[in-house]
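> In my numbering, the protein residues as written are 1020 to 1401. All C-beta atoms, glycine included, are put in the ideal place defined by N, C-alpha and C. Structure incoming, see below.
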Amino acid sequence: MTEDRIREIIHEAEECYNRLASTIVEIPDYTLDSLPKEKSNSFINGGLYEFTAYRREFKARLIFICLKAPDEQAYFLERFRIYSMESPQGIERADDPAYLKGTGESVYLRIPAGSTILDIGCGTGKYLKVMNGRNITTLAMDISKELIDEDRKSLDLKGVRFFPGDCLDLRFLKEKELDFLTGVNILNVLYPEMVESLLDQGARVAKGGLFAFTLPARADIWTEYSPDLEDHSGRGLKRGSDEYLEVASNQTFRGQMRLFSHVRRLCSEKGWKWRIFRFVDSSILDSFKFNKTLDVRYLKEGEDSLLKLLEFPVRRAGHSEVPPEGSFLVCAIGYGLEVYFGGDELPPAEEVSYFNADALFERFEIRQEQKESIARWNLPFV
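Encoded structure:
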């Protein structure tokens, strides 16, 4: 790809972004719960709205699209989140070398030299640091202009061409202009129809495929989430109890598995190749940060979908050996997805476990999945 073409792509993408940003209407005095019905019905079908009251709670801008039923009743679907440097969910573990190494090597270091890629939802660009000196043309986009501006200042990312943009609008790219699309923790924050749109666009613009690591941080999108959890007998569970934690975790985990099932069905229908795998990385966190991030007792009402299931094996002290003083060894069980639109598949990633083609993801249980992962990697948990 020539330098002139890169400049043209960035210019067109920024124009698309600016048009999108100019259509967002800010609603300062209401949340979705407090919005009067008569006012919501005055909103435009298909319009984008931000309820600014959420900025403090989420440390991000939540942008909703208004969808109207035939009777003109308005409903709101979260279209995307615009993170800032202060958004813990948007830039979590940005400086964790173990996490960056595991993800970077599993995805980005497998891309052949001479390739051209577009990284979608790049955030702080943390994973792209491994691309330095690899003779790969790397374009990267994110819906947050604030993060893009910071990325452009980074000396560690000086070889990456950053620009703001929406991953669901790739009209600025020509057919098969890219070798690969990459993205970390992208598909899990998109609704089913959005995932299909992104994959369709990927098939148009990329010769090879899309690599997407997925986290269950927004698995509420993919599961029937309810803050009032019950056990198998219908008995209500006390918030913060071990039983509550386990049921909430399994519910979120199942949402993630439904995402994989959706993508697999879509790929089968369209004749695309796909791989889904499990991987492990590790890092050291102090006990306070561990508990605050991972324990349901530290979450506010309605936030159970934010449980970080990657670190689930050490949520309860009885499931681990005695950790180093003042810290926990967190062995993360994560999930990766590869979709190939055409051409040859890349060699399998090292140190990952690929699922069989007939795996029934909807039926997976977090407890059994943990046991299999613990046994496979000989992790220090029971």
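1) Considering only residues of the same chain and omitting the five flanking positions on each side of N1154, which have a CB-CB separation below 7 Å?
2) Tell me which residues share the same chain as A1072 and place their Cβ nearer than 6 Å to its Cβ, disregarding the 5 neighbours each side in the sequence.
3) By the 10 Å Cβ neighbour count, where 16 or more other Cβ atoms means buried, how is E1027 classified, buried or exposed?
4) Give the C-beta separation of V1274 and T1233 to the nearest angstrom, bearing in mind that I take them to be a contact with Cβ-Cβ under 8 Å.
5) Can you give me the C-alpha to C-alpha distance between Y1317 and D1048, rounded to a whole angstrom?
6) Answer with buried or exposed for N1060, where buried requires no fewer than 16 other C-beta atoms within 10 angstroms of its C-beta.
7) Who are the near neighbours of L1176 in its chain, counting only those whose CB is closer than 7 Å to its CB and skipping five residues on each side?
8) Using only alpha-carbon positions, find the residue among E1034, I1167, V1214 and N1397 that is nearest to V1404.
9) In the DSSP output, what is R1294 paired with across the bridge?
10) Answer yes or no: do L1197 and V1224 have a C-beta to C-beta separation smaller than 7 Å?
11) In angstroms, rounded to a whole number, what distance separates the CA positions of R1382 and K1390?
12) List the DSSP bridge partners of L1166.
13) For G1228, count neighbouring Cβ atoms within 10 angstroms of its own Cβ and tell me buried if that reaches 16, exposed if not.
14) Taking I1393 as the reference, which of V1299, D1185 and E1076 has the closest Cα?
15) Tell me whether I1063 is buried or exposed, calling it buried when 16 or more other Cβ atoms sit within 10 Å of its Cβ.
16) Could you give the residue range of the alpha helix (DSSP H) that holds C1035?
17) Following the continuous beta strand (DSSP E) through D1175, name the residue where it begins and the one where it ends.
18) Where does the unbroken alpha helix (DSSP H) through M1474 begin, and where does it stop?
From the atom records:
1) Excluding positions up to five away in sequence, the list reads A1132 and G1133.
2) T1050
3) exposed
4) It should be pointed out that residue 1274 corresponds to Gly in this sequence rather than to Val. Going by Cβ atoms, the distance from G1274 to T1233 rounds to 11 Å, so no, they are not a contact pair.
5) The pLDDT assigned to Y1317 is 45, lower than 50, so where the model puts this residue is not dependable, and the model offers no usable value.
6) A residue is called buried once 16 or more other Cβ atoms fall within 10 Å of its Cβ, and N1060, having fewer, is exposed.
7) G1144, L1147, K1148 and D1170
8) Within the shown structure, residues of the chain are numbered from 1020 to 1401, placing residue 1404 beyond reach of any answer.
9) E1357
10) yes
11) Near 15 Å, if we compare the C-alpha coordinates of K1390 and R1382.
12) According to DSSP, L1166 bridges with nothing at all.
13) buried
14) V1299
15) exposed
16) E1022 to S1041
17) No beta strand (DSSP E) holds D1175; DSSP gives it neither H nor E.
18) As shown, the chain starts at 1020 and ends at 1401. That puts residue 1474 outside it, with no answer to give.
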